[in-house]
Ligand code: NCD
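In our numbering, the protein residues as written are 50 to 353.
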């Protein structure tokens, strides 16, 4: 397995199979893994806000017997003094065995990875990629639907800036018989580089503006937040933020075994009344994130 995980394509489908199998073993018997990382240190370098990603990484390392250090905002690191990302990671490599890094700039993880020898995981680089959210999503789909192929997946909301969407599409393109239904306002459609991948590879995808129309066809609905922090203009954000609100009445149009996923945090795009629907899978998804990150840390540190 590669030691620098920047995009989901840095993992082969065989790596992904192994990570999902290992995650299942961890879920069945977490105690068996409780000391695998004794004496190892994970650094979490978060130049951008996070709840699930940072805390699930930290929880994962602590659950493996390792220790964690790091920072949760750029303001509390030397970035505030003007230090480059390259210098920050070169320094942190002296203090840790593995690094998880989130940064608002696309490509920051690639720059950082080129400077160091220790394993580095991109925990989100701007509107670009977020491979461990994708592993979380794949584990959720695998556990709840039983397979990753022959599924119709609707991705809804901010497909332009949503890095979790970009990474999940890239990952799901490698499984047979997957259909993509891309639901967004015109202004928030997928970036051209993802559209070219879909077109050039001859993938089955449609674009839609109305969620109601496509709802009955979906096996999975992947809702996303409109990414306020990536807009150039607040008025555009305000105009587009409530483009989609999933509520009980829309859920009535869906298959009885469809699952609703969301990387979280949610703002308004899923009404809280949907939380009690057995098809709502987003908090289970958050829980799976810890186990798949445990699996990834084990593999990258070669202690599995
Ligand atoms: C996502 C992210 O940071 O890209 N959150 C997460 O990692 N679970 C999605 C988002 O912020 O909307």
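Each residue gets a CB set at the ideal place from its N, CA and C atoms; glycine is no exception.
The DSSP assignment places 147–152, 169–174 as complete runs of the beta strand (DSSP E) inside the stretch 144–187, in order along the chain (cut-off: 3 residues).
Rounded to the nearest angstrom, the Cβ distance from residue 323 to residue 297 is 7 Å, consistent with a contact under 8 Å. By the Cβ criterion, the stretch 306–326 is not in contact with the stretch 279–287, since fewer than three pairs of Cβ atoms, one from each stretch, lie closer than 8 Å. Assigned with DSSP and collapsed to three states, residue 80 falls in helix.
In the DSSP assignment, residue 271 forms a beta bridge with 204, 310.
Residue 100 carries a coil assignment under DSSP once its states are collapsed to helix, strand and coil.
The residues 138, 139, 142, in chain order, have a CB closer than 7 Å to that of residue 165 in the same chain once the five nearest residues on each side in sequence are set aside. Relative to the non-hydrogen atoms of ligand 1, the Cβ of residue 276 comes within a distance shorter than 7 Å of at least one. In terms of side-chain proximity, the C-beta atom of residue 313 is found nearer than 7 Å to a non-hydrogen atom of ligand 1. Not one heavy atom of ligand 1 sits closer than 7 Å to the Cβ of residue 189. Residue 93 has its CB no nearer than 7 Å to any heavy atom of ligand 1. When 54, 259, 311 are compared, the shortest CA-CA separation from residue 214 is found for 311. Counting every other CB atom within 10 Å of its CB across the protein chains shown gives residue 131 a total below 16, marking it as exposed. Relative to ligand 1, even the nearest heavy atom lies 7 Å or more away from the CB of residue 290. Judged by their CB atoms, residue 181 and residue 170 are nearer to each other than the 8 Å cut-off.
Assignment of residue 63 by DSSP, reduced to helix, strand and coil, places it in the helix class.
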